[in-house]
Each structure stands twice: as C-alpha cells, then as structure tokens.
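Just add 3 to the spot in the sequence shown (first one is 1) and you have our numbering.
Backbone N, C-alpha and C fix where the C-beta goes; we use that ideal spot for every residue, glycine too.
Since this is a predicted model, take the numbers as computed values, not measurements.
Please read the structure below before turning to the comments.
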Amino acid sequence: MERVVEIEKFKGEERFEASLRPSRWEEYIGQEKIKSNLKVFIEASLKRGEALDHILFFGPPGLGKTTLSNIVASQMGANIKTTAAPMIEKAGDLAALLTNIEEGDILFIDEIH
4 MERVVEIEKF
14 KGEERFEASL
24 RPSRWEEYIG
34 QEKIKSNLKV
44 FIEASLKRGE
54 ALDHILFFGP
64 PGLGKTTLSN
74 IVASQMGANI
84 KTTAAPMIEK
94 AGDLAALLTN
104 IEEGDILFID
114 EIH
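Listed below in structure tokens is the structure:
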C-alpha cells in the first residue's frame with residue numbers, strides 16, 4: 004500500500020477557498036474587540052493619509068488571521084502580498100519581497116514560528 008505524504012492542491016482550489024472567506028467586517032464572525040480596534044486603527048490611518056502601523060496576528064491555525072489580513076487590506080484600499088515565513092530562507096529572499104512592494108501595499112507573512 005502506498006502512503007500519501009503530500010497532498011497537492013487541485014488547480015483553482017485555492018481560489019475557491021478564498022471565495023469562501025469573509026471579505027468584509029460584517030461577514031467576519033467573532034473577534035469583536037479585535038475588529039473594533041482594527042476599524043479605529045484603519046480609520047485613523049486613512050484620515051492621516053499614512054500607512055497603517057505594523058500589526059501582529061497570533062494564535063493557533065483556524066482563527067482567521069489570514070482572513071483578517073485580507074479584510075484589513077480591502078478596507079485600506081491596498082494590495083496585499085502574501086508569503087509564508089518558511090519560504091524566506093535568506094536575507095535575499097526578504098529583500099526580493101520588499102523590492103516588489105509598492106507604497107501602500109500590505110505584506111502578510113504567514114506561518115511565523
């Protein structure tokens with residue numbers, strides 16, 4: 004019997020999963036205090052015309068950290084660049100990411116351990 008060690012995602016599966024995620028505050032269930040704070044941070048940032056300060060979401064898988072980051076980007080009217088920390092193996096990898104970010108973009112680094 005052959006053992007499956009890695010499951011490859013089907014084409015379009017990631018896009019389908021993303022379409023199921025909440026994309027607005029009203030659709031995101033729970034974390035009311037965090038959502039309230041984020042709304043204040045975003046509103047203040049937009050009124051000042053400045054970039055949003057750094058935000059660190061932490062917790063076990065499945066709490067909505069990635070979804071929150073996408074909602075923040077949407078509310079800021081910003082593009083979001085997403086990567087996973089294990090993909091950044093050397094300083095040059097991070098430099099390449101930062102080189103491709105435009106002013107106002109959001110960099111989301113997932114799976115920081």
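Requested in this report: Would you list the one or two residues that DSSP bridges to K84?
Outcome: DSSP, once it has assigned bridges, lists L110 as partnering K84.
Query - Unbroken alpha helix (DSSP H) run spanning S48, endpoints - result: E35 to R51
Requested in this report: State buried or exposed for S72, treating a residue as buried only when at least 16 other CB atoms are found within 10 Å of its CB.
Outcome: Buried, by the Cβ-count rule.
Report task. Indicate the three-state DSSP secondary structure (helix, strand or coil) for S26 in the structure shown. Result -> DSSP, read as helix, strand or coil, puts S26 in coil.
**Report entry** Burial state of A98 (16 or more Cβ within 10 Å)
**Finding:** exposed
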